[in-house]
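Heads up: the sequence shown runs through residues -20 to -1, 1 to 150, numbered per mature numbering (1 follows the signal peptide of the UniProt record, and there is no 0). Structure first, then comments.
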Amino acid sequence: MRIALLLGLSLLRNGIFVRGQTTPLHLAAMENDVETATRLLRESPEIVHVLDVEDGSWVAPLYTAAEHGSLDVVRLLLANGADVDSETEDRSTPLMAACNYGDQGMALEIAKVLVEAGAHPTRRNKMRYNARKIAAERGYTKLYRYLRSLDVPPEHQRKAAAAGGATEDL
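What follows is the structure, given as structure tokens:
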């Protein structure tokens, strides 16, 4: 698989990207493959910002890592300049993806890393969901309580609202 990922990076670097295909970094993020992700980022640091359009939702590698519970890759991507509040087409963020992950313990760990990196827990997507609402609907009481305990400074709420990511107090 590593050879295929590196071949994919080579194609991407040369401007060849097959629409509808997942990028090599997204694949590494899905698998929590830190070694491959590190190598890809070392070879081409700008790919931390390349969006995957496989399902038409324009997903950043950080969102993919959070969505798949890939804590180590989440940390790596943040250390390499990933946008902690990058949004999908429906305005969902990596924090929202983490809150929707299938294991509450891992979701909580990833959420903590994202919040420490500056993720805005009150941002809402187009369906008006925020991270707290997602955690509540999944029955993740520990995660919900953690998010609820955060003292969100007013300037973060203003920034989120100004960016179109209205805030909500669930």
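Where is the CB? At the ideal position from N, CA and C, for every residue including glycine. Note that the structure is a prediction, hence the values are computed from the model and not measured.
Item	Value
Do ALA17 and LEU56 have their CB atoms nearer than 8 Å?	yes
Are the beta-carbon atoms belonging to LEU127 and ALA115 less than 8 Å from one another?	yes
Taking the C-alpha atoms as reference points, what is the distance between THR73 and MET10?	16 Å
Would DSSP call ASP52 helix, strand or coil?	helix
With DSSP as the reference, identify every bridge partner of ASP70, one or two as the case may be.	Bridge partners of ASP70: none, in fact.
Measure the alpha-carbon distance for GLY49 versus ALA77 and round it to whole angstroms.	9 Å
Would a C-beta distance cut-off of 8 Å place ASP32 and THR44 closer than the cut-off?	yes
By the three-class DSSP mapping on this structure, what secondary structure does VAL39 have?	strand
Would you mind reading off the limits of the alpha helix (DSSP H) that contains HIS6?	4 to 11
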